[in-house]
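Numbering (our numbering), first residue to last: 1 to 174.
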Amino acid sequence: LSDLFTLYEIELLNKSLKFAYLGDCNNVLNSLLTGFSKLGIDITVGCSAKYGPSKEVMEYALTRARISGSKINIVHDPVQAASGSNVIYTDVWISMGDADSEEKVKELSKFQVNSKLLLHADKDVKVMHCLPAHRGQEITPDVLDSLNSIVWQQAENRLYAQKALLVYLFSKNE
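Here it is as structure tokens:
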């Protein structure tokens, strides 16, 4: 919800949005696939063939995408995923509660969001991350702290979106 609001706030939530998610196919990606496929927003997922999206989530998202008209592309090349994108989103490679896996980190290392990868994106690309970030792993510090990063705006909006949702839910029966 807050990610969509952030995209709306920076005037990128429109038909020209070229959104790429790179890295681990986790709960964050599941939410993006679910939301984007319902809203008719295209998404390209750059991920390892070994750590791709779950079959159940993909079936659901593709069914919704056929109705909404959104396109979901899964690619295994980070440059292809980032090419021309005006938003690149990443998340941690090892989720909270998961066992740390050197093999997984090694497998996902080519999907790191770094300044070299951003050269293939739109010149004004925006970078998103739901935090906390592992600097130097899924995203480099220079990108996380760059002018391209909207991570802190995204984090701030999370507070407002959650508060608005709570107000809605608690006032629904009044």
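Beta carbons are placed, not taken as given, at the ideal position from N, Cα and C, and that holds for glycine.
From a predicted model like this one, the values you see are computed outputs, not experimental measurements.
Query: Under a three-way DSSP split, which group does D58 fall into?; Result: This sequence places Met at residue 58; Asp is not what is there. In the structure shown, M58 sits in a helix (DSSP, three-state: H, G or I).
Query: Which stretch, first to last residue, makes up the alpha helix (DSSP H) that contains V151?; Result: V151 to S171
Query: In chain order, what residues of the same chain lie with their CB nearer than 7 Å to the CB of I10, ignoring the 5 residues before and after it?; Result: K126 and I150
Query: In whole angstroms, what separates the C-alpha of S70 from that of S146?; Result: 30 Å
Query: Following the continuous alpha helix (DSSP H) through F111, name the residue where it begins and the one where it ends.; Result: Looking at the DSSP string, F111 is not in any alpha helix (DSSP H), and its letter there is neither H nor E.
Query: Could you check how far apart the C-beta atoms of E138 and D98 are, in whole angstroms? I think they sit under 8 Å.; Result: No, E138 and D98 are not in contact; Cβ-Cβ is about 14 Å, not under 8 Å.
Query: Can you name, in chain order, every residue of its own chain whose Cβ lies under 7 Å from the Cβ of R64, other than the five neighbours on each side?; Result: S37 and K38
Query: I think L7 touches V87, with their Cβ atoms under 8 Å apart; what is that distance to the nearest whole Å?; Result: 7 Å
Query: Leaving aside the five residues before and after Y89 along the sequence, list all residues of the same chain whose C-beta is less than 6 Å from its C-beta, in chain order.; Result: Y21 and M128
Query: For the ligand HEM, any of its heavy atoms closer than 7 Å to the Cβ of V151?; Result: Although the ligand HEM was asked about, the structure shown includes no ligands whatsoever.
Query: Which same chain residues, not among the five before or five after L52, have their C-beta less than 7 Å away from its C-beta?; Result: Here the sequence assigns Gly to residue 52, which means Leu is not the residue at that position. Around G52: C25 and I74.
Query: How close, in whole Å, do the beta carbons of L33 and V57 come, if the pair is a contact with beta carbons under 8 Å?; Result: 6 Å
Query: Identify whether A81 lies in helix, strand or coil by the three-state DSSP scheme.; Result: helix
Query: A20 bridges to which residues according to DSSP?; Result: T44 and I88
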